[in-house]
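Written below as structure tokens is the structure these notes are about.
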Amino acid sequence: MSHSHKKIAIIGSGLVGSLLAIYLKKFGHKITVFDRRPDIRKVKFSGRSINLAMSNRGWNALEEVGIEDEIKEIAIPLNKRALHVIGKPLYYQDYGKDNEAIWSISRGVLNRKMIDLAEESGVVFKFEEKVWDVDLPTARLFTGETEKGEWKEYKYDLIFGCDGAFSRVRHKMQRRSRFDYSQDFIDVGYKELTISPNEDGSHKLDKNSFHIWPRGNFMFIAMPNLDGSFTCTLFMPFEGAVSFEKIKTTQDAKEFFTTYFPNVMPDIENLAEDFFKNPTSAMVTMKCYPWTYWDKVALVGDSAHAIVPFYGQGMNAGFEDIFVLNSLIKENEDDWETIFKKYQESRKENADAIAELSYRNFIEMSKKTADPKFLLQKRIEKHFASKYPDKWVPVYSRVTFSNKPYAEALSYGDKQESIMQQIMNMPDIEAIWDSVTVEKKILALLG
0 MSHSHKKIAI IGSGLVGSLL AIYLKKFGHK ITVFDRRPDI RKVKFSGRSI NLAMSNRGWN
60 ALEEVGIEDE IKEIAIPLNK RALHVIGKPL YYQDYGKDNE AIWSISRGVL NRKMIDLAEE
120 SGVVFKFEEK VWDVDLPTAR LFTGETEKGE WKEYKYDLIF GCDGAFSRVR HKMQRRSRFD
180 YSQDFIDVGY KELTISPNED GSHKLDKNSF HIWPRGNFMF IAMPNLDGSF TCTLFMPFEG
240 AVSFEKIKTT QDAKEFFTTY FPNVMPDIEN LAEDFFKNPT SAMVTMKCYP WTYWDKVALV
300 GDSAHAIVPF YGQGMNAGFE DIFVLNSLIK ENEDDWETIF KKYQESRKEN ADAIAELSYR
360 NFIEMSKKTA DPKFLLQKRI EKHFASKYPD KWVPVYSRVT FSNKPYAEAL SYGDKQESIM
420 QQIMNMPDIE AIWDSVTVEK KILALLG
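Quick note: the sequence shown uses numbering that gives the first Met the number 0, first residue 0, plus one each step.
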């Protein structure tokens, strides 16, 4: 199959930008990646990250380009949730069947590795070069030290915006007629914290679990790193009775952790110090359309569809964008107008679906994982799914352990939820939850 070699610019050297560069380089294109930030390989990674959860879609995209095994070496499989509920012993929930797992991976470690692999394949990176303007019809971009200073002009055949939720490329597209755009911040922020390793370098908590401390309006999570530490994230309202604004001193922070997270006490000094050292960050759902301009410019990943992180699918969804683009390039050779048109049409409904699912999972993780009724519902679903695996695949499994469309998972999930609401309203459900009566009713409702 012949592809004419193009000069392509990618804006953003994050995970999506660097993976896209590796993919496009395989077709023989000349790729330059621009990033306003310094080379991440030369700076200490700052506390603004939630460890990533690589799942099937992400692995699928890495396998296609031949780097799956290298990335697995820097990841840790997590096959269960560990729930730390006050007043109850620690308990575990398996993620899926047959030891299905998500993989914990440090964003910084992964990003450095991806840039290395892209550079090895011949991709050129221009760090600390900020793009101030993009001329969409001619695929020209302009960089410079300041917005008012002198700019340098570059001309490309194609430009990809992989520059995140506050994309400069999308900002330029927003000025076009009939461009739809919305952003929605949730009133919860997050702060990265760390649980250090034991003195011998081992993990203080079970290293093959995704740890969650659900506390209603706020929650704490921890994911393991290879060095024995855990990257933790505190999700909490910005304002209110229990909120970031209420914790003003180290003593406030210590009291907060002592009250709500007693079993992380051994690291209390460390957590209280991190609390003031690391920024409090906001979370946004960002939607837009169209994602492309003619056959010249396309948005990929967060610049097209930023989502809140509660399904662990932000990176996976961005990688899946690239996987889909790759298939379309193979099918349509040099017809970039068709490639871009089919790409945005196939991905838009799936991006909207995972945005909705991610928001719902935030409600589930923070409020419902400690609710006895919700836990009973999950037990009934699990019991039924184990007897009828072909009739009931949990939404989480459809999203995390399959490559079927997100939109399909959302629609199946809505159907399952309406069935379960009827089941949960059955008289005496607590006593009869594992009975033939309940089983028959679910089968009848499934139709």
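We put the CB at the ideal spot given by N, CA and C, even for glycine.
Around the Cβ of Y90, a 10 Å sphere holds fewer than 16 other Cβ atoms; the residue is exposed. Look at T279 here: in three-state DSSP terms it is coil, with no helix or strand label.
When only Cα atoms are considered, L233 and E152 end up about 43 Å apart. The region 139-152 and the region 311-328 do not touch, with fewer than three beta-carbon pairs separated by less than 8 Å. In the DSSP annotation of this structure, S242 is not part of any alpha helix (DSSP H), being labelled neither H nor E. In this chain, the alpha helix (DSSP H) harbouring A20 covers 14-25. Going by DSSP, P76 is part of the beta strand (DSSP E) stretching over 75-77. Annotated three-state conformation of M285 is strand, per DSSP.
Taking a 10 Å sphere around the C-beta of H4, we find fewer than 16 other C-beta atoms and assign the residue as exposed. Annotation: P404 is outside any beta strand (DSSP E) and is labelled neither H nor E by DSSP.
Minimum Cα-Cα distance from A60 among the listed residues E363, A8, S326 corresponds to S326. Collapsing the DSSP output to three states places F274 in a helix.
From the listed residues D183, I428, D389, the smallest Cα separation to L374 is found for I428. With a beta-carbon spacing of about 15 Å, I30 and V130 fall beyond the 8 Å limit used to define contacts. Bridge partners of Y189 according to DSSP: F234, S280. Distance from the CA atom of I306 to the CA atom of Q312, rounded to whole angstroms, is 8 Å. Secondary structure of S166 (DSSP, three-state): coil.
Looking from the CA of N315, the closest CA among H202, Q343, W102, A117 belongs to W102.
According to DSSP, A81 shares a beta bridge with Y91, H210.
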